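Trainee: Take this structure first; my questions come after.
Numbering (this note's numbering), first residue to last: 9 to 148.
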């Protein structure tokens, strides 16, 4: 595999799916300190454009990290270097979201992989899009 970074070729895909629960949102608020009422208070959220609580955007994007860290090259060390994100639609408790990452470019000398990143909900709607850069290393 002359045109691969530790087994990852252009076009390689990885997928990770997770249902987002109220408990996930509460735990994320606790871990991050972001306790904005839009995420945690139904009465407050009812007065917003969303009409009900929504997940934190970064919680929705975290499934990208899960796909990168657990599915892209599970027998290698994958180091997240950068991520660009566009939040396209809200994620609500009960939604099942799927991150699909696709290798779009390789830097063979530096062991880096460019990725297209897309998160969709159970209806196929894009909720987060973007691109990422990772470095891939073998386990020592």
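Even for Gly, the Cβ is constructed at its ideal location relative to N, Cα and C.
Since this is a predicted model, take the numbers as computed values, not measurements.
Using the rule of at least 16 other Cβ atoms within 10 Å of the residue's Cβ for burial, across every protein chain shown, is residue 24 buried or exposed?
Mentor: Looking at its Cβ environment, which holds 16 or more other Cβ atoms inside 10 Å, residue 24 is buried.
Trainee: Would a C-beta distance cut-off of 8 Å place residue 140 and residue 72 closer than the cut-off?
Mentor: yes
Trainee: Could you please give the first and the last residue of the uninterrupted alpha helix (DSSP H) stretch that includes residue 66?
Mentor: Where residue 66 is concerned, the enclosing alpha helix (DSSP H) stretches over 65 to 75.
Trainee: Does the stretch 109 to 123 come within contact of the stretch 73 to 81, defined as at least 3 CB pairs closer than 8 Å?
Mentor: yes
Trainee: What residue ranges within the stretch 77 to 108 form continuous alpha helix (DSSP H) runs of no fewer than 4 residues, ordered along the chain?
Mentor: none
Trainee: What is the DSSP secondary structure of residue 16, counted as helix, strand or coil?
Mentor: strand
Trainee: Comparing C-alpha positions only, which one of 129, 118, 134 sits nearest to residue 143?
Mentor: 118
Trainee: Enumerate in chain order the residues of its own chain whose CB-to-CB distance from residue 85 is below 8 Å, with the five nearest sequence positions on each side excluded.
Mentor: Within the same chain, residue 85 has close Cβ partners 144, 145, 146, 147.
Trainee: Would you identify the three-state DSSP class for residue 146, choosing helix, strand or coil?
Mentor: strand
Trainee: Going by beta carbon distance, what residues of the same chain come within less than 8 Å of residue 74, once the five residues before and after it are set aside?
Mentor: 24, 26, 107
Trainee: Around the C-beta of residue 114, are 16 or more other C-beta atoms found within 10 angstroms, so that it is buried, or is it exposed?
Mentor: buried
Trainee: Is the beta carbon of residue 89 closer than 8 Å to that of residue 32?
Mentor: Cβ distance not < 8 Å, so residue 32 and residue 89 don't count as in contact.
Trainee: Where do the ends of the alpha helix (DSSP H) carrying residue 51 lie?
Mentor: 50 to 54
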